[in-house]
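Note that the sequence shown covers residues 48 to 174 in my numbering.
Each residue gets a CB set at the ideal place from its N, CA and C atoms; glycine is no exception.
Everything numeric in this text was worked out from a predicted model, so none of it was measured.
This report concerns only the one structure given below.
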Amino acid sequence: MKRWMSLVVLLVVSGCGSNEETQELSLSTEPIDVEIQPISEAMVGEQITIETLVTQGDDPVEDAQAVEIEIRFEGQSEGALFPAENDGSGMYRSTHTFAEAGVYEIQSHVTARGMHVMPVQKLQVEE
């Protein structure tokens with residue numbers, strides 16, 4: 048009888064603990080959203096700031112494992128990667144100075160909360 052009661056108590060206690068873990072898992076499965084902020088103008092030889100906003104739901108993501116900005120000429124498969132720094136509000140920034148005019152693709156590579164998102168934005172760089 049003692050063994051039977053011990054088993055019942057063990058099942059009740061373990062059943063209570065798993066509910067919390069399930070709630071935490073369901074909160075973390077919401078996808079992250081990554082948005083490259085529009086760049087109004089870029090000129091050869093002038094430094095620009097590339098900003099990427101990372102959110103999950105309505106909350107900023109301040110704990111991304113990695114945020115890098117890839118810059119390449121339009122149509123190229125690979126470019127140069129630059130690290131982006133977190134400003135503490137979910138905004139990650141990197142600066143770059145273009146040496147040549149042309150159409151570029153700016154791609155953010157964001158790894159956060161078990162997900163990897165890579166949006167792309169085109170940018171015309173003028174002489």
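Span separating the alpha-carbon of residue i from that of residue j
i    : j    : result
F145 : V164 : 25 Å
E121 : A127 : 13 Å
V108 : Q123 : 30 Å
R119 : Q112 : 23 Å
T69  : T76  : Residue placement at T69 is flagged as unreliable, the pLDDT there being 43, under the threshold of 50; the coordinate-derived value follows with that caveat. If I take the Cα positions, the gap works out to 11 Å.
E93  : E174 : 10 Å
V91  : N133 : 26 Å
D106 : E147 : 37 Å
Cβ neighbours of residue i in the same chain (closer than 6 Å, five flanking residues each side left out)
i    : result
Q84  : E98
L170 : I86, A89, Y151, I153
F129 : I116, S141
E125 : none
M162 : I79
For residue i, the nearest candidate out of the options (CA to CA)
i    : options                : result
I153 : D134, T142, R160, M162 : T142
A131 : Y151, D110, V150, E147 : D110
R160 : P166, K169, V172, V114 : V114
Cβ-based neighbour list, residue i, same chain, cut-off 8 Å, excluding 5 preceding and 5 following
i    : result
N66  : Confidence at N66 is low in this model, with a pLDDT of 49, below 50, so the placement of that residue is unreliable and no value is reported for it.
L72  : The predicted model places L72 with a pLDDT of 40, which falls under 50 and marks its position as unreliable, so this point remains unresolved.
T96  : R140, S141, T142
H104 : Here the sequence assigns Gly to residue 104, which means His is not the residue at that position. The answer, listed in chain order, is E77.
7 Å Cβ shell around residue i - same chain, five flanking residues per side excluded
i    : result
G149 : F120, V172
Cβ-Cβ separation, residue j to residue i (assumed contact under 8 Å), whole Å
i    : j   : result
V157 : V81 : 5 Å
Discussion item. Contact between the region 92 to 108 and the region 134 to 141 is defined here as three or more beta-carbon pairs at a separation below 8 Å; is this criterion met?
Written reply: Touching, yes.
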